[in-house]
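Student: The numbering of the sequence shown is numbering that gives the first Met the number 0, which starts it at 0 and goes up by one.
Here a beta-carbon is modelled for each residue, glycine too, at the ideal position from N, C-alpha and C.
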Amino acid sequence: MPTLILVRHGRSTANTGGVLAGWTPGVALDERGTAQAAALPGRLRDIPLAAAVTSPLQRCRETLAPLAAARPGLPLHTDERMGECHYGDWSGRKLAELNDEPLMAVVQQHPSAAAFPGGESIRAMQARAVEAVRDWNERIEREHGPDAVYLMCSHGDLIKSVVADALGLHLDHFQRIHVDPCSVTAIRYTRLRPYLLRLGDTGELTGLAPHEDAPGAGDSAVGGGAGAP
């Protein structure tokens with residue numbers, strides 16, 4: 000079965016603004032995110048990609064634009080199932096404000112029971128994402144063979160949920176996983192089990208230095224955070 004490369008979109012204006020973007024329209028990459036996207040083709044230069052699939056949201060499409068320009072023959076597809084979690088009434092609100100919501104403790108400690116008002120549950124988000132990955136695995140293998148590699152550009156919480164599924168982790172553990180903006184996560188799927196080859200690889204070590212969004216004793220950054228400064 001194919002190898003999947005999951006790329007989180009580059010840093011966005013919502014990330015730096017401390018806003019939970021969700022499906023809010025018009026959320027673009029900021030200056031650093033644009034630079035991260037520009038560096039992506041070089042980071043992937045040795046990987047023969049059979050296809051690329053993207054979330055329909057602007058920040059993901061902007062992240063893949065330099066890669067598509069560098070590889071004009073690369074098939075590029077859009078799949079709504081890889082779009083951000085539908086945060087409903089939480090969308091567009093400041094994360095600092097959302098921290099005071101009683102639901103936040105459930106999102107952090109018992110996410111399999113968390114459902115966003117006016118939106119979807121984290122459980123439903125994971126289900127659609129995993130279904131999309133399995134569908135694309137079958138399609139890529141059918142069209143390009145079992146050793147093919149393909150890419151999906153998506154969002155922090157969604158990528159974490161796919162990784163949890165690949166590792167056989169209960170969804171309640173997915174907040175222990177962290178992926179920075181424009182990081183690369185690679186999963187090799189086989190007939191019997193998936194293998195996690197890379198997790199949140201940014202191609203640099205600056206993300207390991209202490210910074211505001213670094214995983215620590217506090218809660219996980221809902222939506223994924225802004226990464227290293």
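Using three-state DSSP, classify I46 as helix, strand or coil.
Tutor: For the purposes of this step, residue 46 is taken as the residue at position 47 of the sequence shown. DSSP places I46 in coil when its eight states are reduced to three.
Student: So, using beta-carbon positions, are A20 and Y149 closer together than 9 Å?
Tutor: For the purposes of this step, residue 20 is taken as residue 21 along the sequence shown, with counting starting at 1. For the purposes of this step, residue 149 is taken as residue 150 along the sequence shown, with counting starting at 1. No, these two residues do not count as a Cβ contact at 9 Å.
Student: Where do the N-terminal and C-terminal ends of the beta strand (DSSP E) with G199 fall, by residue?
Tutor: Against the sequence shown, residue 199 aligns to sequence position 200. Counting along the chain, the beta strand (DSSP E) containing G199 begins and ends at P193 to D200.
Student: Helix, strand or coil for V6, going by three-state DSSP, please let me know.
Tutor: Taking the first residue of the sequence shown as position 1, residue 6 is located at position 7. Reduced to three states, the DSSP call for V6 is strand.
Student: Beta carbon of A128, beta carbon of S160: below 9 Å?
Tutor: Here the question's residue 128 lines up with position 129 in the sequence shown. Here the question's residue 160 lines up with position 161 in the sequence shown. Result yes, Cβ atoms of A128 and S160 sit closer than 9 Å.
Student: Would you call the CB atoms of V6 and T62 closer than 9 Å?
Tutor: For the purposes of this step, residue 6 is identified with residue 7 of the sequence shown, where counting begins at 1. For the purposes of this step, residue 62 is identified with residue 63 of the sequence shown, where counting begins at 1. The answer is yes: Cβ separation under 9 Å.
Student: Given a cut-off of 9 Å, decide if H154 and G91 are closer than it, judged by their beta-carbon atoms.
Tutor: As a first step, residue 91 is located in the sequence shown; it is residue number 92 there, counting from the start. As a first step, residue 154 is located in the sequence shown; it is residue number 155 there, counting from the start. Taking 9 Å as the Cβ cut-off, G91 and H154 do not qualify as a contacting pair.
Student: Can you check the stretch 46 to 98 for any beta strand (DSSP E) of at least 3 residues that lies completely inside it and give the ranges in chain order?
Tutor: Whole beta strand (DSSP E) segments, 3+ residues: 48 to 53 and 75 to 77.
Student: So, L66 versus L28, is the Cβ gap smaller than 9 Å?
Tutor: Here the question's residue 66 lines up with position 67 in the sequence shown. Here the question's residue 28 lines up with position 29 in the sequence shown. Against a cut-off of 9 Å, the Cβ pair of L28 and L66 comes out as no contact.
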